[in-house]
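Below: the structure, in structure tokens.
Residue numbers (this note's numbering), protein chains in the order written: chain A, 24 to 243; chain B, 25 to 140.
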């Protein structure tokens, strides 16, 4: 018996060895389209680029809008335009990584394609999976997309500044749905716009970097 | 529609097996796909039917076996049946469970053809 994606898993293992060799912490950011991955990256780069050498790999079906926004923050960006493909795979990340290799990287963000279904099946070599759930999406997404949310090492509830307008969203309920799919991952409520929870997110990243990419050892 | 990517990965594996064993083709493939694998069996079948043309598996039967979702409770050690959206322990309702099965995405067996 072998896994259907054993070739991708092999490539992901190869990426992981590259990242470890270069002491690069690789974070896979996943969410539905519009949950705020790019805004989170912009705020994170602003806050962390004095401490960490940051680079970003961005997956997008069309347009380089996200890549341009991130590049404007002054960090190296490689865009993977996936065309009709709904996810990144390890080989794409490998190629993108080699385009970045001229400069050392402490923190590599991989902004996956906005999609709550497909990216879950493809390992990339990342040290941690971070999933964003924005307040306007509703708090039951972990129950609706268990395959995706089950693999998260951290859930960021984003756009928490919208909570006063969207009373249907109950952060504790989102956490409960996570528990019901057997995922003990911590949750942080954040807003890239007003800064809520961002220090906790940066702290998580710093501790994960210090723990050399072992999310199980990092509490919030 | 990542099932197309998975179907291509499957066909690549089959081509490798045929080469490795000096076979002439594939007559049957058995997969095991769990509900937490992220693969829809019907979509995978459709993708496979589309992408297998002019490959070693052009005429192969595709059998997809389901897998039950089962969890092991880390608190009370009970093994229970679960559903994809509810992986808590059926005995004590705790959420500290480990998945025993349900996320399979496996190539279980391949029947190779030999001869002209």
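Every residue gets a Cβ at the ideal spot worked out from N, C-alpha and C, and that includes glycine.
Every value quoted in this text rests on a predicted model; they were computed, and no experiment measured them.
The three-state reading of DSSP puts residue 39 of chain A in helix, counting H, G and I together.
Taking a contact as a CB-CB distance under 8 Å, the pair residue 60 of chain B and residue 126 of chain B counts as one, their CB atoms being some 4 Å apart. A direct Cα-Cα distance of roughly 9 Å separates residue 149 of chain A from residue 236 of chain A.
For the stretch 41 to 97 of chain A, the full-length alpha helix (DSSP H) segments reaching 4 residues or more read 60 to 71, 88 to 94 along the chain. Residue 171 of chain A is a Cβ neighbour of residue 139 of chain A, given a cutoff of 8 Å. The beta-carbon of residue 25 of chain A is placed less than 8 Å from the nearest beta-carbon of chain B. Looking at B:132, B:128, B:118, the one whose alpha-carbon comes closest to that of residue 207 of chain A is B:118. By the Cβ test, the stretch 111 to 118 of chain A is in contact with the stretch 31 to 41 of chain A, since at least three Cβ pairs between them sit closer than 8 Å. Residue contact check for residue 73 of chain B against chain A: no CB pair falls below 8 Å. Among the CB atoms of chain A, one or more fall inside 8 Å of the CB of residue 132 of chain B. Per DSSP, the beta-bridge partners of residue 56 of chain B are B:89, B:130. Contact note: residue 169 of chain A reaches chain B through 60, 108, 109, 111, using a C-beta cutoff of 8 Å and chain order. The beta carbon of residue 123 of chain B falls within 8 Å of a beta carbon belonging to chain A, placing the residue at that interface.
Residue 144 of chain A and residue 153 of chain A have their alpha carbons spaced roughly 15 Å apart. The shortest C-alpha to C-alpha distance from residue 125 of chain A to any of A:98, A:191, A:179 is the one to A:98.
Taking the Cα of residue 90 of chain B as reference, the smallest distance to any Cα among B:33, B:80, B:129, B:104 is reached at B:129. Selection A:175, A:117, A:168, A:225 evaluated against residue 40 of chain A yields A:117 as nearest (Cα-Cα).
Counting C-beta pairs closer than 8 Å gives fewer than three between the stretch 76 to 84 of chain B and the stretch 106 to 123 of chain B, which falls short of the contact rule. For the stretch 95 to 125 of chain A, the beta-carbon criterion of a distance under 9 Å to any beta-carbon of chain B is satisfied by 107, 108, 109, 110, 112.
Here residue 164 of chain A is buried, its C-beta having at least 16 other C-beta atoms within 10 Å.
By the criterion of a C-beta distance shorter than 8 Å, residue 105 of chain A is surrounded in its chain by 82, 83, 84, 111, 115, 136, once the five residues flanking it on both sides are discounted.
Among the bridge pairs identified by DSSP, residue 110 of chain B is matched with B:107. Assigned with DSSP and collapsed to three states, residue 124 of chain A falls in coil, not helix or strand.
At least one CB atom of chain A sits nearer than 8 Å to the CB of residue 29 of chain B. Looking from the CA of residue 65 of chain B, the closest CA among B:88, B:46, B:101 belongs to B:88. Within chain A, no residue has its CB atom less than 7 Å from the CB of residue 45 of chain B, the nearest being about 15 Å off.
Here residue 123 of chain B is actually not in contact with residue 72 of chain B; their C-beta atoms are around 26 Å apart, not less than 8 Å. Secondary structure at residue 112 of chain A: coil, using DSSP grouped into helix, strand and coil. Within the same chain, 95, 96, 97, 98, 111, 112, 113 come within 7 Å of residue 121 of chain B by CB-CB distance, once the 5 residues on both sides are set aside. At a beta-carbon threshold of 7 Å, the residues of chain A lying near residue 119 of chain B are 202, 203, 205, ordered along the chain.
If you ignore the 5 residues before and after residue 127 of chain A, its C-beta comes within less than 7 Å of the C-beta of 45, 76, all in its own chain and listed in chain order. Taking all protein chains shown into account, residue 45 of chain B has fewer than 16 neighbouring C-beta atoms within 10 Å of its C-beta and is therefore exposed. Here the alpha carbons of residue 52 of chain A and residue 50 of chain B stand approximately 39 Å from one another.
Here the alpha carbon of residue 178 of chain A sits roughly 37 Å from the alpha carbon of residue 74 of chain B. Taking residue 134 of chain A as the centre and dropping the five residues before and after it, the same chain places the C-beta of 52, 60, 81 closer than 6 Å to its C-beta, in chain order.
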